[in-house]
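If you read the protein sequences in the order shown, they are chains A and B.
Per UniProt numbering: the first sequence = residues 1 to 162.
Per UniProt numbering: the second sequence = residues 1 to 162.
Notes to accompany the following structure.
There are 2 protein chains.
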Amino acid sequence: MEPAEIFVQAALKSWNIQLKRADAFFDTISDEGLQQEIAPGKNRLIYLMGHLIAVNDSMTSLFGQGERSFEHLDDAFVKNPDRSGLPMPDAASLREDWRKAKSILTANFAALSPADWMSRHTAMTDEDFAKEPSRNKLSVLLNRTNHMAYHIGQMVLVKGKS
Amino acid sequence: MEPAEIFVQAALKSWNIQLKRADAFFDTISDEGLQQEIAPGKNRLIYLMGHLIAVNDSMTSLFGQGERSFEHLDDAFVKNPDRSGLPMPDAASLREDWRKAKSILTANFAALSPADWMSRHTAMTDEDFAKEPSRNKLSVLLNRTNHMAYHIGQMVLVKGKS
Numbered sequence: 001m002e003p004a005e006i007f008v009q010a011a012l013k014s015w016n017i018q019l020k021r022a023d024a025f026f027d028t029i030s031d032e033g034l035q036q037e038i039a040p041g042k043n044r045l046i047y048l049m050g051h052l053i054a055v056n057d058s059m060t061s062l063f064g065q066g067e068r069s070f071e072h073l074d075d076a077f078v079k080n081p082d083r084s085g086l087p088m089p090d091a092a093s094l095r096e097d098w099r100k101a102k103s104i105l106t107a108n109f110a111a112l113s114p115a116d117w118m119s120r121h122t123a124m125t126d127e128d129f130a131k132e133p134s135r136n137k138l139s140v141l142l143n144r145t146n147h148m149a150y151h152i153g154q155m156v157l158v159k160g161k162s
Numbered sequence: 001m002e003p004a005e006i007f008v009q010a011a012l013k014s015w016n017i018q019l020k021r022a023d024a025f026f027d028t029i030s031d032e033g034l035q036q037e038i039a040p041g042k043n044r045l046i047y048l049m050g051h052l053i054a055v056n057d058s059m060t061s062l063f064g065q066g067e068r069s070f071e072h073l074d075d076a077f078v079k080n081p082d083r084s085g086l087p088m089p090d091a092a093s094l095r096e097d098w099r100k101a102k103s104i105l106t107a108n109f110a111a112l113s114p115a116d117w118m119s120r121h122t123a124m125t126d127e128d129f130a131k132e133p134s135r136n137k138l139s140v141l142l143n144r145t146n147h148m149a150y151h152i153g154q155m156v157l158v159k160g161k162s
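In structure tokens, the structure reads:
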């Protein structure tokens, strides 16, 4: 295997570890349980679920792989804090979105070659990219992986909450 | 730049983003503030500081770059939960350890070539590594980066706590 191919594999493995962890977590939480706050006065689980769907989904357009499927979630789950009063889908429909987002991204990622991962994302100009070639699609994936880990660290706090 | 070099640069950038974020966070917290819990009944900030020092430090031996400097923190901060009753260094000395760990790792990482990052870590046998070449030093760095993000997500919850 080529070095670049091995690095891509390592990055995708790291992404998949976090994705499975979030997945397994949401599976253990009931729809009512999603209304729990991660800590007093902080975000509810349902907000973080919508937040992760929308933020992860942004990789579709950033990678030039088509239109986003969940841009309509940005208002309630990204651009505004929890309890903004903006309409949110119910838990069952959000779970369905989570599954769809996961399968779209998995298919998208599988379609990228190491050279594609090395290429710029759509939010970078050619000029900026020439100066900083490490700001490529792979770096977006690494950031999104950290972002998911960051929120998983918060979500697990509801476990064993008295 | 070679593809492998660009990938290493992206992974190190991702690590440095999280490291700076933890750094900036600890700088805003007083020694007394480190006694705060991230959420009621959960880990204290001082525990997470020691935990991150010890877990990050483990990369020194995993990468074959010498003996660990902070293995003595494992008992109180990794192998046992917070409030185990085991002796902990005071906040000032832990902050000093944090700075040292950071500078040791930064120097260690700078000494690794892309080929080094591709090579196996010391907890892998040659046989296992032949089967899974993506379980290399870079994959350890990615996991440690996610681990740090996970705990940063928890630490920031003390901000604006009523």
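Glycine included, each C-beta is placed from N, C-alpha and C at the ideal position.
Span separating the alpha-carbon of residue i from that of residue j
{"i": "A/Pro3", "j": "A/Asp74", "result": "37 Å"}
{"i": "B/Ser139", "j": "A/Ala11", "result": "7 Å"}
{"i": "A/Ser30", "j": "B/Glu32", "result": "38 Å"}
{"i": "A/Leu105", "j": "B/Glu96", "result": "42 Å"}
{"i": "A/Arg144", "j": "B/Ile38", "result": "23 Å"}
{"i": "B/Ser162", "j": "B/Gly41", "result": "For B/Ser162, the pLDDT reaches just 38, beneath the cut-off of 50, and the residue's location in the model is therefore unreliable, leaving the point undetermined."}
{"i": "A/Asp82", "j": "B/Thr122", "result": "44 Å"}
{"i": "B/Gln9", "j": "A/Ala54", "result": "27 Å"}
{"i": "B/Asp116", "j": "A/Val78", "result": "39 Å"}
{"i": "A/Thr125", "j": "B/Glu5", "result": "21 Å"}
{"i": "B/Arg68", "j": "B/Ser58", "result": "6 Å"}
Residue i and residue j closer than 8 Å at C-beta
{"i": "A/Leu142", "j": "B/Ser14", "result": "yes"}
{"i": "B/Gly50", "j": "B/Ala76", "result": "yes"}
{"i": "A/Phe7", "j": "A/Met155", "result": "no"}
{"i": "A/Ile46", "j": "A/Leu94", "result": "yes"}
{"i": "A/Ala149", "j": "B/Asn43", "result": "no"}
{"i": "B/Asn136", "j": "B/Ser119", "result": "yes"}
{"i": "A/Ala110", "j": "A/Asn56", "result": "no"}
{"i": "B/Leu52", "j": "B/His151", "result": "yes"}
Residue i burial status per 10 Å Cβ neighbour count (16 or more: buried)
{"i": "residue 210 of chain B", "result": "Given that chain B is displayed from residue 1 to residue 162, the structure contains no residue 210 of chain B and the question cannot be resolved."}
{"i": "A/Gly153", "result": "buried"}
{"i": "A/Lys159", "result": "exposed"}
{"i": "B/Met1", "result": "exposed"}
{"i": "B/Thr60", "result": "buried"}
Beta bridge counterpart(s) of residue i as assigned by DSSP
{"i": "A/Asn136", "result": "A/Arg120"}
{"i": "B/Glu5", "result": "Answer by DSSP bridge pairing: none, since B/Glu5 is not bridged."}
{"i": "A/Glu32", "result": "Note: A/Glu32 sits in no beta bridge, so no partner."}
{"i": "A/Arg44", "result": "A/Glu37"}
Exercise. Can you find at least 3 beta carbon pairs, one from the segment 80-97 of chain B and one from the segment 129-136 of chain B, that sit closer than 8 Å?
Worked result: Contact fails between the segment 80-97 of chain B and the segment 129-136 of chain B, because fewer than three Cβ pairs, one in each stretch, are under 8 Å apart.
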